[in-house]
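Residue numbers for the sequence shown follow my numbering, beginning at 23 and rising by one. Glycine is no exception: its CB is placed at the ideal position from the N, C-alpha and C atoms. Since this is a predicted model, take the numbers as computed values, not measurements.
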Amino acid sequence: MRYAEVIIGPPGSGKSTYVMSKKAWLSHRNPYIINLDPGNCNDKEFDYSICSISPSLMYQERHNVGPNMSTKCILEEFYTRIDEFFQENIEGTDHYILLDFPGQVEFFISSDIPNSIIGYLKSNGYSVVVVNLVDLVFFSNDHSLISSYFISTLCLCLLESAQINVISKCDNWKKLGLKYSLEDIASLECLEEMEKKKKIHEEMASFVLNQGLLAYEVLDYDNPDSVLNLQVAIDKASGLFFEDDYFATEKITRISSKDDVFSRYRPE
């Protein structure tokens, strides 16, 4: 079995930083980093960039379309060439693949391409985990918090793969003056209060809770326990964790409890 992560999440949530950190963190897994966001042409560190087909801005000017349509069309063009891409870059290797997807949520709701790419990887022997990164700032007020929960749940329902949801940039927790504790946000404990507020919040909170699927890991590069725990959660979802030599290969001697991870984010 080989393994892949599909990285999604709204713009500004740190997707590119995440995949680049993995290049060093998981160097022993021979990572292959793929940029599938044609709007991100700051891509020299990627092993492959979809901008080689066309940058989004150039496509918009050439075809007189907006950014969402250009992204959709360029990704569709990539998918028509995926056999050739796979044969030239992936086939016969032991790469751990990381795919950095565009941030437009509309793309995941309205397009078949994400599931087509996930399905292609699965058909070629890859266990795929979707990693959904959401910046902590999106949890700093009631409206954006419930919207983030709702969109994360939609992605869980629509994308045909295991999914790990992640609150990123948790090093900013003190600056943001959060209404709820990070622990309550990650575990959805604050939704009970949400259900007592505006009608729209009540309906969205009920939808999220009724699905019974959502929970979050946290990511803070200044907190090594959070980085390790997140990778272990991803590896459990993919099945890599259950390989006989996992702990020796990953050089893991101890996995912190969630309580240890969250202890850093509690008021003193």
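- Distance, Cα to Cα, residue 80 vs residue 96? Between the alpha carbons of residue 80 and residue 96 lies a distance of about 11 Å.
- Task: State the Cα-Cα distance for the pair residue 112 and residue 150, rounded to the nearest angstrom.
- Result: Residue 112 and residue 150: Cα-Cα distance of roughly 15 Å.
- How many Å lie between residue 239 and residue 186 at the Cα? The straight-line gap separating the alpha-carbon atoms of residue 239 and residue 186 is approximately 7 Å.
- Task: Taking residue 24 and residue 148 to be in contact with their CB atoms under 8 Å, please state how far apart those CB atoms are, rounded to whole angstroms.
- Result: Going by Cβ atoms, the distance from residue 24 to residue 148 rounds to 5 Å, so yes, they are a contact pair.
- Query: Which residues does DSSP pair with residue 27 in a beta bridge?
  - Reply: Partner residues in the beta bridge of residue 27, as assigned by DSSP, are 120, 151.
- Item | Through-space distance from residue 32 to residue 156, alpha-carbon basis | Those two C-alpha atoms are separated by around 6 Å.
- Query: Roughly how many angstroms separate the alpha carbons of residue 42 and residue 67, rounded to a whole number?
  - Reply: Rounded to the nearest angstrom, the two C-alpha atoms are 8 Å apart.
- Message: Suppose you measure from the CA of residue 198 to the CA of residue 282; what does that come to, to the nearest Å?
- Response: The straight-line gap from Cα to Cα measures roughly 22 Å.
- Message: Classify residue 255: buried if its beta carbon has 16 or more other beta carbons within 10 angstroms, exposed otherwise.
- Response: Within 10 angstroms of the beta-carbon of residue 255 lie 16 or more other beta-carbons, which makes it buried.
- Task: Use the C-beta contact count for residue 122: other C-beta atoms within 10 angstroms, 16 or more gives buried, fewer gives exposed.
- Result: That one is buried.
- Message: Can you tell me where the alpha helix (DSSP H) holding residue 32 begins and where it ends?
- Response: Counting along the chain, residue 32 falls outside any alpha helix (DSSP H), and DSSP gives it neither H nor E.
- Task: May I ask which residues mark the beginning and end of the beta strand (DSSP E) holding residue 168?
- Result: Unbroken run through residue 168 is the alpha helix (DSSP H), 164-180; no beta strand (DSSP E).
- Test item: CB-CB of residue 184 and residue 159 under 8 Å: Not closer than 8 Å, so no.
- Message: If the criterion is Cβ atoms closer than 8 Å, does the pair residue 161 and residue 213 meet it?
- Response: In terms of Cβ geometry, residue 161 and residue 213 do not form a close pair [threshold 8 Å].
- Message: In this structure, how does DSSP classify residue 211 when only helix, strand and coil are distinguished?
- Response: The three-state secondary structure of residue 211, taken from DSSP, is coil.
- Endpoints, the beta strand (DSSP E) within which residue 274 is located: First-last for residue 274: undefined, no H or E at that position.
- Item | Expected contact under 8 Å - CB spacing of residue 209 and residue 237 to nearest Å | Contact holds; Cβ gap of about 6 Å.
- Might you give, ordered along the chain, the residues of its own chain that have their beta carbon closer than 6 Å to the beta carbon of residue 27, omitting 5 neighbours on each side? Correct list, in chain order: 120, 151, 153.
- Task: Take residue 231 and list the residues in its own chain whose beta-carbon comes closer than 7 Å to its own, dropping the five residues that flank it on each side.
- Result: Answer for residue 231: 213, listed in chain order.
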